[in-house]
Every structure is written in C-alpha cells, then in structure tokens.
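A short write-up of the structure that comes next.
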Amino acid sequence: MTEPGRFEAVADTLTGGGPRREPVRARGRRPTVPLPLLVPALVGLAFLLLPLIALLVRTPWRTLPDQLTSPEVWQALRLSLLCATSATVVSVVLGVPLAWLLARAEFPGRGFVRALVTLPLVLPPVVGGVALLLALGRNGVVGQWLDSWFGITLPFTTAGVVVAEAFVAMPFLVISVEGTLRAADPRYEEAAMTLGASRFTAFRRVTLPLIAPGVAAGAVLAWARALGEFGATITFAGNFPGRTQTMPLAVYLALQSDPAAAIALSLVLLAVSIAVLAGLRDRWMTTS
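The sequence shown begins at 86 in this note's numbering and counts up one residue at a time.
Below you can see the structure in the form of structure tokens.
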C-alpha cells in the first residue's frame, strides 16, 4: 500500500470506515452575539474607556505645552525615567536567574517559593513600602547593619525609589521569563552540555538567546510597572521634589493645587502605557 493509501486507511478507521465529512460552515454569516452577553460587554467597555475619554476631554490643550515644559514636570519625568530604568536593570539581573531557578531546578518547596515571588503582585503597595521600611530602614532587620557597617541609608533617597520600584516590578519579569523558559525545549541545553559546555555556558550561549523575546517583554512590563509605582515609593522613599518625587507622586501632589499640571503628567503616563501596549502587541494582541 502506498503512503497516501495508508493515510487514507487510517483516516477511514478513525471515522468508522465511512466517508469523511467536511465540517458544515455557514458561508457569509458571522456568529451572532447573545444579548445577555452583549449588554454587559458594552457596559464593561464603557466603564474602562470612560475615565480615559474624560481625561482627554478635560485636558487644557491650549496650555498643555507650557505645562509639559515646566521645570517641575521635567524634573519628575527625568527622575521617573532614571529610577524606572535602574529598577528594570536590577529586575533583569536578579529576576532572570530567579526565573531560571523556578523553571529548571528541582528543589523542595519550589511551589512555595514561586508563591512568595509573586506575592508583590497582590500585596498592597503601601504594605510593601512598610515591609521595606522594616527590612531596610535605618532600624530595620538588615538596614541597621547597612547603616552601621557601610553607612548606607536607603529610605527617603533616590536609591530607595529604585529599591521600592524593583520590589513591585520584578515579579512581572520573573513570571514572563519563567513562562518562556518552560516553553523552551531543554534539550538544546542538554545537547550543549554533552558537547562539553558547562551549565552556565549553556545558559549564556544557548538558553538566553532562545528566551530573549520573553526577557524583553518582561523587562518592558517591569519598566512600565516601575514607572507607575506610587504606594511603596511614597511609603519607603517619601515625596521630596528632585530626589524622590516621581511622576505618580507629582500627579498626586499637583492634583491638590494645580489640576492642569496633574492632567499633563497623567497624559504623559497614559502615552507611556499606550507605547508599552503597542510594543507588546505581537505577544498579546495576536489574532487566531
């Protein structure tokens, strides 16, 4: 029996020996949406879009250039970009090995460790700031030794902003990279090690290029989360202009005295969020 004939026999066996039938599809017709699903879907869409539309409607477009070029806005923007980028670097340096450990290594309590890693995702940011104070504050569990031994004080400093942002942003990178590692074929690493490469060399020369898209996506998510961090930052680092006042803190402060400046800062953060979504469209917004 020829190769196509064998395939035909297998197909007939799976279909009960009868003729194979093509699925019936209605040509030129789109599936209708049930009304009980359509109404709440539209309400949910309006609920999500209405605040953004209101922000655009109430924007003082005539005075917007002056608001965006004010020294306070640029000071907060520069500090936010610097701290978010630094927090992302910390997240990549520490988070990629942590993701590899969770995805590749077998050790007791791995599920519990994964739960602890993802805890900052659901932990209220203010609680995270309090926890950072208790750990790294001047009288904290570790902070007191950093202060007495090395003279390092993190709370209410720019470095404290970076620490707070990295604390809340790193889980996003770890989750993204771990998922990419689990999807990657580990046999490439094993093949490299059979050729004499060490475990670290196999990771650096084989695994890391394979998971580069996942690392990039996780870094973008971590950067965006760090840029928008508010609760842990104001609790652990305070709100000092030019030193710890990032853009979310500047929005909160400006809303009390200068709503136009708060709207301008909010538009900048909105534009950054849209840019992040546009950068991740190939990863998330794919159509089947």
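Even for Gly, the Cβ is constructed at its ideal location relative to N, Cα and C.
1. According to the neighbour-count rule (16 or more other Cβ atoms, all chains shown, within 10 Å of its Cβ), is G327 buried or exposed?
2. Suppose only complete runs of 4+ residues qualify. What are the alpha helix (DSSP H) ranges in the region 255 to 324, listed by chain order?
3. What would DSSP say about Q330, mapped onto helix, strand or coil?
4. Rounded to a whole number of angstroms, what is the C-alpha to C-alpha distance between T203 and L120?
5. Note down, in chain order, each residue of its chain lying with its Cβ closer than 7 Å to the Cβ of M255, except the 5 sequence neighbours on either side.
6. Which residues bound the alpha helix (DSSP H) around G194?
7. Report the three-state DSSP secondary structure of L239 (helix, strand or coil).
8. From A349, S358, A356, pick the residue whose C-alpha is nearest to that of W159; which is it?
9. With G225 and L219 assumed to form a contact (beta carbons below 8 Å), what rounded beta-carbon distance in angstroms separates them?
10. Out of A276, G364, S283, which has the shortest C-alpha to C-alpha gap to G303?
11. Under a three-way DSSP split, which group does I359 fall into?
12. Does DSSP put G225 in a helix, in a strand, or in coil?
13. Are the Cβ atoms of W185 and L266 separated by less than 8 Å?
14. Name the two residues that bound the continuous alpha helix (DSSP H) containing V128.
15. Between which two residues does the alpha helix (DSSP H) carrying L149 extend?
16. Can you check whether the CB of F252 is closer than 8 Å to the CB of A317?
17. Beta-carbon within less than 6 Å of G222's beta-carbon, same chain only, minus the 5 sequence neighbours each way: which residues are those?
Checking against the coordinates, here is how it stands:
1. Within the sequence shown, residue 327 is the residue found at index 242, counting from 1. So G327 counts as exposed.
2. 272 to 279, 284 to 287, 297 to 312, 316 to 321
3. Taking the first residue of the sequence shown as 1, we reach residue 330 at position 245. Of the three classes helix, strand and coil, the one that applies to Q330 here is coil, per DSSP.
4. Taking the sequence shown and counting its residues from 1, the one referred to as residue 203 is at position 118. Taking the sequence shown and counting its residues from 1, the one referred to as residue 120 is at position 35. Distance between the alpha carbons of T203 and L120 is about 38 Å.
5. For the purposes of this step, residue 255 is taken as residue 170 along the sequence shown, with counting starting at 1. S176, L179, G180, A307.
6. The residue labelled residue 194 in the question sits at position 109 within the sequence shown. Counting along the chain, G194 falls outside any alpha helix (DSSP H), and DSSP gives it neither H nor E.
7. As a first step, residue 239 must be located in the sequence shown, where it is residue number 154. L239 falls in the coil class under three-state DSSP.
8. Counting from one through the sequence shown, the residue named residue 159 turns up at place 74. With distances taken between Cα atoms, W159 lies closest to A349.
9. Translated into positions along the sequence shown, residue 225 becomes position 140. Translated into positions along the sequence shown, residue 219 becomes position 134. Their Cβ separation, rounded to whole angstroms, is 5 Å, which keeps G225 and L219 in contact under 8 Å.
10. Mapped onto the sequence shown, residue 303 falls at position 218. The shortest Cα separation from G303 among A276, G364, S283 belongs to G364.
11. Here residue 359 refers to the residue found at position 274 of the sequence shown. Note: I359 maps to helix in three-state DSSP.
12. For the purposes of this step, residue 225 is taken as residue 140 along the sequence shown, with counting starting at 1. In this structure, G225 counts as coil in the three-state DSSP scheme.
13. Indexing the sequence shown from 1 puts residue 185 at position 100. Indexing the sequence shown from 1 puts residue 266 at position 181. Taking 8 Å as the Cβ cut-off, W185 and L266 qualify as a contacting pair.
14. If you number the sequence shown from 1, residue 128 lands on position 43. Counting along the chain, the alpha helix (DSSP H) containing V128 begins and ends at 120 to 142.
15. For the purposes of this step, residue 149 is taken as the residue at position 64 of the sequence shown. 149 to 153 is the span of the alpha helix (DSSP H), which, as asked, contains L149.
16. For the purposes of this step, residue 317 is taken as residue 232 along the sequence shown, with counting starting at 1. For the purposes of this step, residue 252 is taken as residue 167 along the sequence shown, with counting starting at 1. Yes; because the gap between Cβ atoms is below 8 Å, this pair is in contact.
17. Taking the sequence shown and counting its residues from 1, one reaches residue 222 at position 137. Here the set comprises G228, P240.
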